[in-house]
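Asks: Heads up, the sequence shown stops at 426 in the numbering used here, and the numbers go up one at a time, no gaps.
No residue lacks a Cβ here, since even glycine has one placed at the ideal position from N, Cα and C.
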Amino acid sequence: MKIGLLGCGTVGSALVSLLDQEGERLAYLLGEPLELGRILVRDPEKERSWPIPASLLTTQLSDVIDDAEIGLVVELLGPGEFALAAIRAALRAEKSVVTANKEILSTHFPELELAAEAANRDIFFEAAVAGGIPLIRALRVSLFGERLSRIVGIVNGTTNYILTKMQEEHLSLEVALGEAQQLGYAEADPSGDLSGRDAASKLAIIASIAFGSHVDVEDVKVDGIWGVTPSDVDFAARSGGVIKLLAQAERDADIPDAPIRVEVFPAIVMSTHPLASVRGSFNAVFVEGSAVGQLMFSGPGAGGLPTASAVLADVIDAVKNLRNSTRAPMRVTEGTHFVDDSTVEAVFALSMEVVDAPGVLAQVSEVFGQHGVSIARMEQDELGAELAHLVFLTHRTRLSAMKATIAGLAGLDVIARLHQILRVLE
Ligand SMILES: NC(=O)c1ccc[n+]([C@@H]2O[C@H](COP(=O)([O-])OP(=O)(O)OC[C@H]3O[C@@H](n4cnc5c(N)ncnc54)[C@H](OP(=O)(O)O)[C@@H]3O)[C@@H](O)[C@H]2O)c1
1 MKIGLLGCGT VGSALVSLLD QEGERLAYLL GEPLELGRIL VRDPEKERSW PIPASLLTTQ
61 LSDVIDDAEI GLVVELLGPG EFALAAIRAA LRAEKSVVTA NKEILSTHFP ELELAAEAAN
121 RDIFFEAAVA GGIPLIRALR VSLFGERLSR IVGIVNGTTN YILTKMQEEH LSLEVALGEA
181 QQLGYAEADP SGDLSGRDAA SKLAIIASIA FGSHVDVEDV KVDGIWGVTP SDVDFAARSG
241 GVIKLLAQAE RDADIPDAPI RVEVFPAIVM STHPLASVRG SFNAVFVEGS AVGQLMFSGP
301 GAGGLPTASA VLADVIDAVK NLRNSTRAPM RVTEGTHFVD DSTVEAVFAL SMEVVDAPGV
361 LAQVSEVFGQ HGVSIARMEQ DELGAELAHL VFLTHRTRLS AMKATIAGLA GLDVIARLHQ
421 ILRVLE
């Protein structure tokens, strides 16, 4: 079986290294060798992290798509229209596709699955979510018979690295981000990670597969970590937890076609929860099923070799299916219903800087009361410059009441700065 590889950067080069190093063993186990046919790149002269025979390199997509010996195309080009066009062309040419492209899958999954079905070929994408963790395969194969109620996880290694540094070394977000950029964990433009958009793309794919119902990235309610401060991190620690950027998909497993809730948000995760111990750039996903109970998957969420390992697993599955003239369908229904925001309930933490004067605390507390938000705990410390820092922890309350409270607080003259709202993972 010949493989056409689109892109030979971080993940593509690592995949070639795995095919070279593990080729003999895999050929024995599979009963046939996995051979690279052509490799599409932008610049054939570029130095690669693994030696690539020049004869395999091409800059023409058609050299891959029109090659009848290539039965499987691995797309590792990165975001953009070209990668989408390449996947469509490969499926039209009746080649199976393996991709790591979360941007494309989180918006075009139903269309591409239909195209794969029409071609009687597979489209696999284990590496698009949580790098080396075999999560998608677990959801679509091992847990296929489960009624899943909740998937909550840390699926963005960059923000987890930054939050871990803030927590363990008392750094500001800006300094921790600078370190992450120096070490290559964060890109020069970190907005996709810090805004929560990257996690939302991955959550859309996870939820679609877990619930068999199409979730687009635009359906995900997203709040990133831009506003998390060292004082929020300290408050979380004093409360017995750590701040994490969580991606959560929920549905009532007992009601057929129940609406889905998909959100990315910063939360205080109590240290008793398994997600609290996930440090640095690692990813982890916690899954709750009707029969299996609770499961936790964790591991490296990115990096050339871990991601290439997930791609290789898909390649092996796709090759087996091609040989048996079969495919693995991943049906998702359209017209997904989503939970109305106003019904969402949680415990929240909200901190703020206020004028340090008599009567201020009463004014602030009154706004919470006006919106029916009951306060479980409050902390106050001096900030100097006639300012005080207040943190409120609520009892379980509606998100809509919390939003109304924040709008009310924003109108008070005595408030110098409102921090980002944090949810508490119970
Ligand atoms: N890196 C990770 O840790 C990681 C983790 C999970 C998922 N992924 C996903 O894996 C995919 C690949 O990521 P990567 O980090 O390997 O990307 P990368 O290092 O930027 O490599 C991209 C490759 O695609 C080639 N390419 C891009 N546009 C092209 C075009 N128009 N024509 C021909 N070749 C083109 C580049 O060619 P040149 O080399 O000649 O420039 C390069 O070889 C992405 O979808 C990414 O989201 C990556």
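Are the beta-carbon atoms of residue 347 and residue 396 separated by less than 8 angstroms?
Replies: Position 347 of the sequence shown, counted from the first residue, corresponds to residue 347. Position 396 of the sequence shown, counted from the first residue, corresponds to residue 396. Yes, these two residues count as a Cβ contact at 8 angstroms.
Asks: Do the stretch 244-263 and the stretch 147-158 meet, that is, are 3 or more Cβ pairs less than 8 angstroms apart?
Replies: With a cut-off of 8 angstroms, the stretch 147-158 and the stretch 244-263 count as touching, because enough Cβ pairs lie within range.
Asks: From residue 214 to residue 292, what distance separates their C-alpha atoms?
Replies: Here residue 214 is taken as the residue at index 214 of the sequence shown, counted from 1. Here residue 292 is taken as the residue at index 292 of the sequence shown, counted from 1. Approximately 24 angstroms between the Cα atoms of the pair.
Asks: Measuring alpha carbon to alpha carbon, tell me which residue in 280, 40, 46, 49 is nearest residue 183.
Replies: Numbered from its first residue, the sequence shown carries residue 183 at position 183. Residue 280 is the option with its Cα nearest to residue 183.
Asks: Please state whether the Cβ-Cβ distance between residue 394 and residue 360 is less than 8 angstroms.
Replies: Position 394 of the sequence shown, counted from the start, is the residue given in the question as residue 394. Position 360 of the sequence shown, counted from the start, is the residue given in the question as residue 360. Taking 8 angstroms as the Cβ cut-off, residue 394 and residue 360 do not qualify as a contacting pair.
Asks: Within this structure, are the beta carbons of residue 19 and residue 34 separated by less than 8 angstroms?
Replies: Position 19 of the sequence shown, counted from the first residue, corresponds to residue 19. Position 34 of the sequence shown, counted from the first residue, corresponds to residue 34. Yes.
Asks: Hey, is residue 43 close to ligand 1, as in C-beta under 7 angstroms from one of its heavy atoms?
Replies: Taking the first residue of the sequence shown as 1, we reach residue 43 at position 43. Yes, since a heavy atom of ligand 1 falls inside the 7 angstroms radius drawn around the Cβ of residue 43.
Asks: Are there any heavy atoms of ligand 1 lying less than 7 angstroms away from the beta-carbon of residue 217, as far as the coordinates show?
Replies: Here residue 217 corresponds to residue number 217 of the sequence shown, with the count starting at 1. Residue 217: no, Cβ never under 7 angstroms from ligand 1.
Asks: Would you please state the rounded distance, in angstroms, between the beta carbons of residue 404 and residue 124? I believe it to be under 8 angstroms.
Replies: Residue 404 sits at position 404 when you count from the first residue of the sequence shown. Residue 124 sits at position 124 when you count from the first residue of the sequence shown. 45 angstroms between Cβ atoms; not a contact.
Asks: Which of the three DSSP states is assigned to residue 402 in this structure?
Replies: By 1-based counting over the sequence shown, the position of residue 402 is 402. Three-state DSSP puts residue 402 in a helix.
Asks: Do residue 108 and residue 84 have their C-beta atoms closer together than 8 angstroms?
Replies: Residue mapping note: residue 108 aligns to position 108 of the sequence shown, counting from 1. Residue mapping note: residue 84 aligns to position 84 of the sequence shown, counting from 1. Yes. Within cutoff.
Asks: Per DSSP, what kind of secondary structure is residue 334 in: helix, strand or coil?
Replies: As a first step, residue 334 must be located in the sequence shown, where it is residue number 334. Note: residue 334 maps to coil in three-state DSSP.
Asks: Using a 10 Å radius around the Cβ and a threshold of 16 neighbouring Cβ atoms, would you call residue 423 buried or exposed?
Replies: Position 423 of the sequence shown holds residue 423. The residue is buried, with at least 16 neighbouring Cβ atoms inside 10 Å.
Asks: Would you call the CB atoms of residue 351 and residue 235 closer than 8 angstroms?
Replies: Start at 1 with the first residue of the sequence shown, and residue 351 comes out as number 351. Start at 1 with the first residue of the sequence shown, and residue 235 comes out as number 235. Yes, Cβ-Cβ distance for residue 351 and residue 235 is below 8 angstroms.
Asks: Can residue 128 and residue 143 be called in contact, C-beta distance under 8 angstroms?
Replies: As a first step, residue 128 must be located in the sequence shown, where it is residue number 128. As a first step, residue 143 must be located in the sequence shown, where it is residue number 143. Contact: no.
Asks: Between 64, 369, 100, 414, which has its C-alpha nearest residue 75's C-alpha?
Replies: Here residue 75 refers to the residue found at position 75 when the sequence shown is read from its first residue. The shortest Cα separation from residue 75 among 64, 369, 100, 414 belongs to 100.
Asks: Does the distance between the C-beta of residue 165 and the nearest non-hydrogen atom of ligand 1 fall short of 7 angstroms?
Replies: For the purposes of this step, residue 165 is taken as the residue at position 165 of the sequence shown. No, Cβ of residue 165 sits at least 7 angstroms from all heavy atoms of ligand 1.
Asks: According to DSSP, simplified to helix, strand and coil, what is residue 247?
Replies: In the sequence shown, counting from the first residue as 1, residue 247 sits at position 247. Under the three-state reduction of DSSP, residue 247 is assigned to strand.
Asks: Taking the C-alpha atoms as reference points, what is the distance between residue 220 and residue 336?
Replies: Looking up residue 220 in the sequence shown gives position 220. Looking up residue 336 in the sequence shown gives position 336. The straight-line gap from Cα to Cα measures roughly 12 angstroms.
Asks: Using a Cβ-Cβ cut-off of 7 angstroms (strictly less than) and excluding sequence neighbours within five positions of residue 86, which residues of its own chain qualify?
Replies: For this step, residue 86 is matched to residue 86 along the sequence shown. Result list for residue 86: 6, 61, 75, 77, in chain order.
Asks: Consult DSSP for residue 120 and reduce its assignment to one of helix, strand or coil.
Replies: Here the question's residue 120 lines up with position 120 in the sequence shown. In the structure shown, residue 120 sits in coil (DSSP, three-state: anything other than H, G, I, E or B).
Asks: Does the stretch 295-311 touch the stretch 255-264, meaning 3 or more C-beta pairs lie closer than 8 angstroms?
Replies: no
Asks: Would you mind reading off the limits of the beta strand (DSSP E) that contains residue 198?
Replies: Indexing the sequence shown from 1 puts residue 198 at position 198. That residue, residue 198, is in no beta strand (DSSP E); its alpha helix (DSSP H) goes 197-211.
Asks: Can at least three beta-carbon pairs, one atom from the stretch 250-260 and one from the stretch 136-150, be found at a separation below 8 angstroms?
Replies: yes
Asks: Any chance the stretch 19-28 sits against the stretch 38-47, with 3 or more Cβ pairs inside 8 angstroms?
Replies: no
Asks: In three-state terms, what does DSSP make of residue 374?
Replies: Indexing the sequence shown from 1 puts residue 374 at position 374. Three-state result, residue 374: coil.
Asks: Could you please give the first and the last residue of the uninterrupted beta strand (DSSP E) stretch that includes residue 417?
Replies: In the sequence shown, the residue the question calls residue 417 occupies position 417. Element bounds for residue 417: 415-418.
Asks: Which residues does DSSP pair with residue 166 in a beta bridge?
Replies: Position 166 of the sequence shown holds residue 166. When beta bridges are read from the DSSP output, residue 166 appears opposite no residue.
Asks: Return the bridge partner residues of residue 101 from the DSSP annotation.
Replies: What you label residue 101 is simply residue 101 of the sequence shown in a count that begins at 1. The partner list for residue 101 (beta bridge, DSSP) is empty, contrary to what the question assumes.
Asks: Between which residues of its own chain and residue 116 is the CB-CB distance below 8 angstroms, once the five residues before and five after are set aside?
Replies: As a first step, residue 116 must be located in the sequence shown, where it is residue number 116. Cβ within range, chain order: 91, 96, 97, 122, 123, 327.
Asks: Cβ of residue 95 within 7 angstroms of any heavy atom in ligand 1?
Replies: To locate residue 95, count along the sequence shown from 1; it is residue 95. It does not: the Cβ of residue 95 is nowhere closer than 7 angstroms to a heavy atom of ligand 1.
Asks: Alpha carbon to alpha carbon, how far is residue 283 from residue 165? Give it in angstroms, no decimals.
Replies: As a working note, residue 165 is residue 165 in the sequence shown. As a working note, residue 283 is residue 283 in the sequence shown. Each residue's alpha carbon lies about 15 angstroms from the other.
Asks: My output table needs one value for residue 292: the three-state DSSP class, helix, strand or coil.
Replies: Within the sequence shown, residue 292 is the residue found at index 292, counting from 1. Here residue 292 sits in coil by DSSP.
Asks: Excluding the 5 residues preceding and the 5 following residue 276 in the sequence, name in chain order all residues of the same chain whose CB lies nearer than 8 angstroms to its CB.
Replies: If you number the sequence shown from 1, residue 276 lands on position 276. Excluding sequence neighbours, residue 276 sits near 241, 242, 244, 269, 270.
Asks: Between which two residues does the beta strand (DSSP E) harbouring residue 359 extend?
Replies: Sequence index remark: in the sequence shown, residue 359 carries index 359 (1-based). Where residue 359 is concerned, there is no enclosing beta strand (DSSP E), given that its DSSP letter is neither H nor E.
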